[in-house]
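S.K.:
Number of protein chains: 2
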Amino acid sequence: MTEAEYVSIWMRPERSAYGPKPVHSRAKITAAAVRIADAEGLEAATMRRIAAEIGAGVMSLYRYVPSREDLVELMADQVLGEIDVTAMPSGDWRTDLTRYAGGLRAMWLRHPWIATVQRSLPSFGPNQLLLVERLMGVLDALVPIDENLGLVALLNSHVESTVREEISTAREIHRSGLSESEWMARSYPYIDRLVKSGEYPIFTKIVTEARQPHLSREDQFRLGLKRVLDCIAAALPATAESPMSAH
Amino acid sequence: MTEAEYVSIWMRPERSAYGPKPVHSRAKITAAAVRIADAEGLEAATMRRIAAEIGAGVMSLYRYVPSREDLVELMADQVLGEIDVTAMPSGDWRTDLTRYAGGLRAMWLRHPWIATVQRSLPSFGPNQLLLVERLMGVLDALVPIDENLGLVALLNSHVESTVREEISTAREIHRSGLSESEWMARSYPYIDRLVKSGEYPIFTKIVTEARQPHLSREDQFRLGLKRVLDCIAAALPATAESPMSAH
DNA sequence: CCGAGACCGCGTACAAGGTACCCAGTGGAG
DNA sequence: CTCCACTGGGTACCTTGTACGCGGTCTCGG
């Protein structure tokens, strides 16, 4: 792990041409890990569990992946590849970004464990790179690169934060083993005490007046996304107005 | 852990009036855990380490905290309390939100480990509640509660995403044991290969043309924040224009 | 004033989990 | 054919969260 021997996981060859043919592969291991993490959470994707899933010995995995951390990085890039951006610079930026946002959200909901992985810039996996090309291609002709970076970051951060909240709620519900309504009912005594105390007027207002929390997740998402897209629209030159800007 | 015996950590009394006086306290334990996590990361804040820090037996901690997970929740609420919002509904929403955003970012940078804690709605700790009151009080008179929720979420998600990236980069640098420039130099071979391949024009454009990545973290943050605040301004009724809206 | 019993600190013990180390077998290079 | 870098994988070690139980202590009901 010294600096001399550091190489990004993406530059490290999977195998050399020497010796016996490997029975497994990074792709197979990654896929198995993703499958387990989807079903039971990232912490369930232990090396032993993954090995069992593909019928390998535990230590065999280390022939393909330097450490569990690197495996998680592989997993993250793999699921990024699921977002369909092949048709992306279509000419209508609003449609493109809406589709991308929906795809990103759907992917996160399919793989809730990505919320717990810390990414960092230099982990430019192949799928992430492809995504960047397509996604930033959407606004590339309309704004300078710095503006593009800022606007895309705005969109990403909104989607991610929204989904992060959806996920942690769902996770909590699942862990409790209750139904959604039972789970919400469980925290009623506490919320009731807070409201009755009279010390939290705004919190009370949210609980009693706000209608947004009672919308479906999809509608909440659509509403928030609309706001962000309007915000992006305002930052674009007037000539770039999308034909769909009226809802 | 059955549903019958569930009570939120915030409703669970710290101690009863019975038996010998406890030597320690939740506050002391939480503070110690935060200190360790700040210095060495959340994963370093093990029960054994915390116990050693305050000179207690490992299992003694469980007299104060039901589990490590709950302790993390306590830690999260504690650091939320560090954001100074006491002067908050000041009448100038732009100043208030700028101050809040700066405080939130500074807090995250002081306690980078919060990026790894999953929150969920029902964990309304006392400090979080206070924060919500003050923060949402800023726009309460200007917009309906649903709009307020949306705008505050927008601000929060932007700040959090930005800081999350700062943090993961810093973490990666720290883990490598290198200086920032050495660390960046380390991924140069990979980036160079990508650029030279010619397959990633936008990525190349970012690497070669974008100036934003070369700004200081503070300037990057200021720029992004300005965009979000402008976006919020656009969503407010015209009469609510802040005196500072020109920059 | 005196049990009783709830609560304290904490040592012991166990079940996971990541992974270092080692060994036997394999198959391409010379 | 020989060599040896490579393979799969078993064993073992260390770290972590925490269940359990023990002996001591303090408050309260009588």
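Residue numbers (my numbering), protein chains in the order written: chain A, 1 to 247; chain B, 1 to 247.
Where a beta carbon is used, it is the ideal one built from N, C-alpha and C, also for glycine.
1) Going by Cα to Cα distance, which pick from A:M47, A:I83 and A:L104 is closest to A:D70?
2) Kindly say whether B:Q212, judged by its beta-carbon, lies nearer than 8 angstroms to any beta-carbon of chain A.
3) What does the alpha-carbon distance come out to for the pair A:Y188 and A:R110?
4) Measure from the C-beta of B:S67 to each C-beta in chain A and report whether the shortest distance is under 8 angstroms.
5) Between A:R217 and the rest of its own chain, which residues show a CB-CB distance below 8 angstroms, the 5 nearest in sequence each way excluded?
6) Counting pairs of beta carbons, one from the segment 228-240 of chain A and one from the segment 174-182 of chain B, are three or more of them closer than 8 angstroms?
7) Please look up how many angstroms separate the CB atoms of B:R134 and B:V65, rounded, as I've assumed it's under 8 angstroms.
8) What residue does the alpha helix (DSSP H) around A:L104 start on, and which one ends it?
9) Compile a chain-ordered list of the residues in the segment 127-147 of chain B whose CB is closer than 8 angstroms to at least one CB of chain A.
10) Can you check which of these residues, B:P22, B:A233 and B:W10, is closest to B:V143 by C-alpha distance?
11) Can you list, in chain order, the residues of its chain whose CB lies under 7 angstroms from that of A:I202, leaving out five sequence neighbours each side?
12) Which residue comes first and which comes last in the alpha helix (DSSP H) that contains B:H24?
13) Taking Cβ positions, are B:I114 and B:V159 nearer each other than 8 angstroms?
14) Which residues in chain B have a C-beta closer than 7 angstroms to the C-beta of A:H174? List them in chain order.
15) So, is the C-beta of A:R48 closer than 8 angstroms to a C-beta in chain B?
16) Just checking: is the beta-carbon of B:L61 within a distance shorter than 8 angstroms of some beta-carbon in chain A?
17) CB-CB under 8 angstroms to B:A44, same chain, minus the five flanking residues each way: which ones, in chain order?
18) If you compare alpha carbons, which of A:C231, A:F221 and A:S25 is closest to A:R99?
19) Would you give the residue range spanned by the alpha helix (DSSP H) that A:R134 belongs to?
20) Of the residues that make up the segment 189-201 of chain A, which ones have a beta carbon closer than 9 angstroms to any beta carbon in chain B?
21) Under a CB-based cut-off of 8 angstroms, is B:W93 close to chain A?
22) Is it the case that the Cβ atoms of B:L155 and B:V228 are separated by a distance below 8 angstroms?
23) If we ignore side chains and look at the alpha-carbon of each, how far apart do B:T30 and B:V132 end up?
24) Determine the chain A residues that contact B:V150 at a beta-carbon separation under 8 angstroms, and present them in chain order.
25) Might you give, ordered along the chain, the residues of its own chain that have their beta carbon closer than 7 angstroms to the beta carbon of B:T204, omitting 5 neighbours on each side?
26) Using the Cβ count rule (16 or more neighbours within 10 Å means buried), how would you classify A:L223?
27) Straight-line CA distance for A:I54 to A:A39?
28) Take the Cβ of B:Y200 as the centre, count every other Cβ of all protein chains shown within 10 Å, and call the residue buried at 16 or more, exposed below.
29) In angstroms, rounded to a whole number, what distance separates the CA positions of B:S8 and A:A32?
30) So, is B:V34 buried or exposed, given that buried needs 16 or more other C-beta atoms within 10 angstroms?
M.R.: So, to answer that:
1) Here residue 70 of chain A refers to the residue found at position 70 of the first sequence. Checking every option, the nearest Cα to that of A:D70 belongs to A:M47.
2) Here residue 212 of chain B is taken as the residue at index 212 of the second sequence, counted from 1. At least one chain A Cβ lies under 8 angstroms of B:Q212.
3) Sequence index remark: in the first sequence, residue 188 of chain A carries index 188 (1-based). Sequence index remark: in the first sequence, residue 110 of chain A carries index 110 (1-based). When rounded, the distance between both Cα atoms is 29 angstroms.
4) Position 67 of the second sequence, counting from 1, holds the residue named residue 67 of chain B. No, its Cβ sits nowhere closer than 8 angstroms to a Cβ of chain A.
5) Here residue 217 of chain A is taken as the residue at index 217 of the first sequence, counted from 1. Closer than 8 angstroms at Cβ, skipping near neighbours: E166.
6) No: fewer than three Cβ pairs fall under 8 angstroms.
7) Walking along the second sequence from the start, residue 134 of chain B turns up at place 134. Walking along the second sequence from the start, residue 65 of chain B turns up at place 65. In this structure, B:R134 and B:V65 do not form a Cβ contact; the two beta carbons are roughly 28 angstroms apart against a cut-off of 8 angstroms.
8) Here the question's residue 104 of chain A lines up with position 104 in the first sequence. Note, A:L104: alpha helix (DSSP H), W93 to R110.
9) Of all residues in the segment 127-147 of chain B, L129, V132, E133, M136, G137, D140, I145 and D146 have a Cβ within less than 8 angstroms of some Cβ in chain A.
10) Sequence index remark: in the second sequence, residue 143 of chain B carries index 143 (1-based). Nearest neighbour of B:V143 by Cα position, chosen from B:P22, B:A233 and B:W10, turns out to be B:A233.
11) Numbered from 1 along the first sequence, position 202 holds the residue referred to as residue 202 of chain A. Excluding sequence neighbours, A:I202 sits near nothing in its chain.
12) In the second sequence, residue 24 of chain B corresponds to position 24, counting from 1. Looking at the DSSP string, B:H24 is not in any alpha helix (DSSP H), and its letter there is neither H nor E.
13) For the purposes of this step, residue 114 of chain B is taken as residue 114 along the second sequence, with counting starting at 1. For the purposes of this step, residue 159 of chain B is taken as residue 159 along the second sequence, with counting starting at 1. No, the Cβ-Cβ distance between B:I114 and B:V159 is not below 8 angstroms.
14) Walking along the first sequence from the start, residue 174 of chain A turns up at place 174. Per Cβ cutoff of 7 angstroms: no residues; A:H174 is ~11 angstroms from chain B at best.
15) As a working mapping, residue 48 of chain A is identified with position 48 in the first sequence. No, no contact with chain B.
16) The count along the second sequence starts at 1 and reaches residue 61 of chain B at position 61. Chain A, which has no Cβ nearer than 8 angstroms to the Cβ of B:L61, makes this no.
17) Against the second sequence, residue 44 of chain B aligns to sequence position 44. Sequence-distant partners of B:A44 (beyond 5 residues in either direction) whose C-beta falls short of 8 angstroms from its own C-beta, in its chain, are I36 and A37.
18) In the first sequence, counting from the first residue as 1, residue 99 of chain A sits at position 99. Of A:C231, A:F221 and A:S25, the residue nearest in Cα terms is A:F221.
19) Taking the first sequence and counting its residues from 1, one reaches residue 134 of chain A at position 134. Looking at the DSSP string, the run of the alpha helix (DSSP H) that includes A:R134 is P126 to D140.
20) Listed by position along the chain: P189, Y190, I191, R193, L194, E199, Y200 and P201.
21) Translated into the one-based positions of the second sequence, residue 93 of chain B becomes position 93. For B:W93, no Cβ of chain A is located within less than 8 angstroms of the residue's own Cβ.
22) By one-based count along the second sequence, residue 155 of chain B stands at place 155. By one-based count along the second sequence, residue 228 of chain B stands at place 228. Cβ atoms of B:L155 and B:V228: closer than 8 angstroms.
23) Along the second sequence, read from residue 1 onward, the residue named residue 30 of chain B stands at position 30. Along the second sequence, read from residue 1 onward, the residue named residue 132 of chain B stands at position 132. Taking the straight line from one Cα to the other gives about 22 angstroms.
24) Within the second sequence, numbered from 1, the residue matching residue 150 of chain B stands at position 150. Reading the sequence as shown, one finds Gly at residue 150 of chain B and not Val. Per Cβ cutoff of 8 angstroms: Q212, L223, G224 and R227.
25) In the second sequence, the residue the question calls residue 204 of chain B occupies position 204. Excluding residues within five positions, the ones whose Cβ falls inside 7 angstroms are V195.
26) Taking the first residue of the first sequence as position 1, residue 223 of chain A is located at position 223. Counting the other Cβ atoms within 10 Å of the Cβ of A:L223 gives fewer than 16, which makes it exposed.
27) Within the first sequence, numbered from 1, the residue matching residue 54 of chain A stands at position 54. Within the first sequence, numbered from 1, the residue matching residue 39 of chain A stands at position 39. If I take the Cα positions, the gap works out to 16 angstroms.
28) On the second sequence, position 200 is the one that residue 200 of chain B refers to. With 16 or more other Cβ atoms from the protein chains shown falling within 10 Å of its own Cβ, B:Y200 counts as buried.
29) Numbered from its first residue, the second sequence carries residue 8 of chain B at position 8. Numbered from its first residue, the first sequence carries residue 32 of chain A at position 32. The alpha-carbon of B:S8 is positioned some 36 angstroms away from that of A:A32.
30) The sequence position of residue 34 of chain B within the second sequence is 34, counting from 1. Around the beta-carbon of B:V34, 16 or more other beta-carbon atoms lie within 10 Å, marking it buried.
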